[in-house]
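Read through the structure below, which is laid out as structure tokens, and then see the notes.
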Ligand SMILES: Nc1ncnc2c1ncn2[C@@H]1O[C@H](COP(=O)(O)OP(=O)(O)OP(=O)(O)O)[C@@H](O)[C@H]1O
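In this note's numbering, the protein residues as written are 912 to 1655.
Structural data, given as structure tokens:
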């Protein structure tokens, strides 16, 4: 370790029992807040058999109680510490006690694909059966279960919602377990509302909601408020009807205890740059904590770009470390590092790499967004580093848009993050914020349904036959302004008609595609514009992003290389150029290195493009439509994008550098510095007045200002030509919708 490097990574930690360091010493000195055990044997490994392991989990003591309560209550809310055994054990208890005897299944939902597979695999391992037989899973584009044999089916929330489209009463299940309900994603809330509705028709259906950190009283109030008139399933016996009617509504039970202790440490001062603090802390752990016992590190960071930055810095460190260890003759004396990213748009196989066994003499560092926050057990994780921030979308109804914003996390998130350690052995959580900040944190995040764009949720409810969305029983009702905006958006996109019914030509098809309604519309309309091949690539790229690699110390070089693909039409067409060139490459890695492109993102884009293409082909199977290409003609592509993104149009203000939307908001918008347009304009040394007059954006990002990203330059006349109905009839439409929904 060179002198210089040592200096950059000499954070001191306040160890239990030692003298507290003076506060002013360093902003990244860490302060131990609490511990669940005083004399923690950090390297206590479990050599228990799976049977012993199951018996030792805190939830095991509650097995009989849970089964007893499920006989008496239709909804159970089970609160237990992270790692206490809720996800892996509850479905097994139900299976063992005969809840699948009548041939029906136990369903368990997870918010994410990665947790779905891991959980199903773990339950199968514990039961010593092959995954896909008694225990199966379902994620988008992947069904691993056997009809007639599978008894426990783990699936993503999104897939259970889709199942409701063809089995509205979910008749193949006896029990549905909504795991990690505290995440309160829009899909969790839609499911909770729909399951409450189903329970009115199916008195026999049991619902279990589990979490370590959830506002359980609020949920109980929601499930206890059941209407008195109850219709029964037709083929229920008289005896069963009576039994079912005697059932109570909802019960909250707590599971005390956790698997292994986790010591929590806080910085004594706020850290000025959490990416740097995270890298320093990783290095410090790697150099100071017992090495032979391994002990991997999981870092929580707010967004994908920060993950990429930290990974790069850690790779630099790993290279230096490697050079310094060259003198060690025996290779097994060298300390190696494996550094892995984990974020939602990462290729799925790359996500699963985090579960691979860490080789001997190696430490694994995983740098993740909040995708890893709940449910996951990454077996060797001993150290968690929590930056204290999360990147979330917040909908602003006044302004009419969703803005991506970085916010402090909540206490619930902090507990979940720390809870990724202490699962198979005791652990430590390093929080890169002072204990006082933790005290100030909100307990729970606002449910997504109250803070996000609801267009997709409303479209999904409509597709499920829920006509009057305003009357739908949401666990936390969304603000009526947000609902009105969503209805307006769907009307403008022609997904619903004036009576607010799903349109048969477009709306029904849009609901079938796993995309935001505007993206789904663009994809379907591309068939008319004759540019489906181009639009498939563009829409796929919008789900992944980060195609261009631009490290801070090589920005100039990167910009020069990227300019090979740049075009005046903006980011989406530029990315299209990259994807087209990438597809032609025999040696993709070399191509990406040469032009500083992100190989993983490009591969993932092609993967998503293929699956979207399959979905689209299924939709148009009857019409014999061809998925055509517009070749080098970019105009059909631009017009098609305008036809879906017209609500996101902005015009240049008189000042010549800020933009405003056409919707009458005074909010100033700026072109994001990462946009290709910024690079082209600065290269040409243009004056501000040469900024394009009219643009479409895909996303808004809040930092010092509100920035528009993923920009496309369009002809303003197209807006009136293509979306005249939206811009000319705004007031009339609002009146019609206001009437039909009786909204404030
Ligand atoms: N894939 C795995 N490999 C090794 N051990 C595992 C795995 N999955 C679970 N475990 C063990 O089972 C325990 C219980 O895990 P489980 O996921 O059921 O807990 P939980 O209460 O649902 O936690 P959380 O609320 O964090 O999801 C873990 O603490 C860990 O010891």
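Beta carbons are placed, not taken as given, at the ideal position from N, Cα and C, and that holds for glycine.
Since the structure is predicted, the reported quantities are computational estimates derived from the model, not experimental observations.
Counting only runs of at least 4 residues, the region 1030-1081 fully encloses the following alpha helix (DSSP H) elements, listed from N- to C-terminal order: 1068-1077. With 16 or more other Cβ atoms inside 10 Å of its own Cβ, residue 1047 counts as buried. Distance between residue 1375 and residue 1076, taken at the CA atoms: about 5 Å. In this structure, residue 1226 and residue 1344 do not form a Cβ contact; the two beta carbons are roughly 26 Å apart against a cut-off of 8 Å.
Not one heavy atom of ligand 1 is found less than 7 Å from the C-beta of residue 1605. Judged by the Cβ position, residue 1542 fails to qualify as a neighbour of ligand 1 at the 7 Å threshold, every heavy atom of the ligand being at least this far. For residue 1420, the number of other beta carbons within 10 angstroms of its own is at least 16, and it is reported as buried. In the DSSP assignment, residue 1339 forms a beta bridge with 1174 and 1294. Under the three-state reduction of DSSP, residue 1218 is assigned to helix. For residue 1324, the shortest C-beta to heavy atom distance toward ligand 1 is 7 Å or greater.
Around the beta carbon of residue 1057, a 10 Å sphere encloses fewer than 16 other beta carbons of the protein chains shown; the residue is thus reported as exposed.
When DSSP states are grouped into helix, strand and coil, residue 1383 belongs to the coil group. Apart from the 5 residues on each side of it in sequence, residue 1629 sits with its Cβ closer than 8 Å to the Cβ of 1549, 1550 and 1553 in its chain, given in chain order. In summary, residue 1066 is buried, with 16 or more beta-carbon neighbours lying within 10 Å of its beta-carbon over all protein chains present. Per the Cβ contact rule, the region 1539-1549 is not in contact with the region 1577-1584 (fewer than 3 Cβ pairs under 8 Å). Assigned with DSSP and collapsed to three states, residue 983 falls in helix. Apart from sequence neighbours up to five positions away, the residues of its chain that approach residue 1478 with a beta-carbon distance below 7 Å are 1484, 1485 and 1488, ordered along the chain. Closest in C-alpha terms to residue 1061, from the list 962, 1035 and 1082, comes 1035.
Following the DSSP letters along the chain, one finds residue 1249 inside the beta strand (DSSP E) bounded by residues 1247-1253. As a beta-bridge residue in DSSP terms, residue 1481 pairs with 1623. In chain order, 1438, 1443, 1444, 1447, 1524, 1527 and 1528 place their CB closer than 8 Å to the CB of residue 1538, counting only its own chain and leaving out the 5 sequence neighbours on each side. The shortest C-alpha to C-alpha distance from residue 1454 to any of 1257, 1390 and 1422 is the one to 1257.
The C-alpha of residue 1014 lies about 8 Å from the C-alpha of residue 1059. Comparing alpha-carbon positions, the option among 994, 1612 and 1385 lying closest to residue 1108 turns out to be 1385. Across the structure, residue 1433 and residue 1541 are spaced so that their CA atoms are roughly 15 Å apart. The count of Cβ pairs closer than 8 Å, one atom from the region 1304-1317 and one from the region 1335-1353, stays below three, leaving the stretches out of contact. Distance from the Cα of residue 1211 is smallest, within the candidate group 1328, 1505 and 1091, for 1328.
If you draw a straight line from the Cα of residue 1043 to the Cα of residue 1055, it is about 5 Å long.
The residue from 1188, 1306 and 1117 with its alpha-carbon nearest to that of residue 1162 is 1117. Looking at the DSSP output, residue 1084 sits in a beta bridge with 1016. Contact check for residue 1321 against residue 1359 fails: the beta carbons are separated by 8 Å or more. Under the 10 Å beta carbon count, residue 1165 is surrounded by fewer than 16 other beta carbons and is classified as exposed. Each residue's CA atom was taken as its position, placing residue 1281 and residue 960 some 31 Å apart.
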